[in-house]
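At position 67 of the sequence shown the residue is numbered 67 (the numbering used here), and the sequence of numbers has no breaks.
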Amino acid sequence: MTVPRLFDRNGNAGPTVWADGQIVGGWIQRPDGKNAIEVARGLSSTHQLLLNEAIDQLQLVLGDAMVRPRFPAPVQKDLFARA
1 MTVPRLFDRN GNAGPTVWAD GQIVGGWIQR PDGKNAIEVA RGLSSTHQLL
51 LNEAIDQLQL VLGDAMVRPR FPAPVQKDLF ARA
């Protein structure tokens, strides 16, 4: 995935995944409420572990609430289509 896939046609960023102060990917909630991510570059095992923990924590925080970007970026459209 390339970073431009994180932006809609108007230049607005969709939901992003960060590591060490840099955007490394994007995420979206699937129709079943689970979070799906796509990472632009390989992450270290430590970062992958932290990302998995963050996804679990986000799932707890969101509970039954659904988050949908109004104008999804290409990466969010692709993740949603794969659900």
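Glycine included, C-beta positions come from ideal geometry on N, C-alpha and C. Computed from a prediction, not measured in an experiment: that's the story for all the values here.
Status (buried if at least 16 other CB within 10 Å, exposed otherwise) for residue i
i: residue 83; result: exposed
i: residue 29; result: buried
i: residue 18; result: exposed
i: residue 76; result: buried
Beta-carbon contacts of residue i that lie in its chain and below 7 Å, excluding the five residues immediately before and after
i: residue 3; result: 23 and 40
CA-to-CA distance, residue j to residue i, given in whole angstroms
i: residue 14; j: residue 52; result: 19 Å
i: residue 65; j: residue 36; result: 15 Å
i: residue 67; j: residue 5; result: 19 Å
i: residue 71; j: residue 20; result: 27 Å
i: residue 25; j: residue 38; result: 5 Å
i: residue 42; j: residue 50; result: 14 Å
Simplified DSSP assignment, three categories, for residue i
i: residue 10; result: coil
i: residue 73; result: coil
i: residue 65; result: coil
Bridge partners - residue i, DSSP secondary structure assignment
i: residue 16; result: 26
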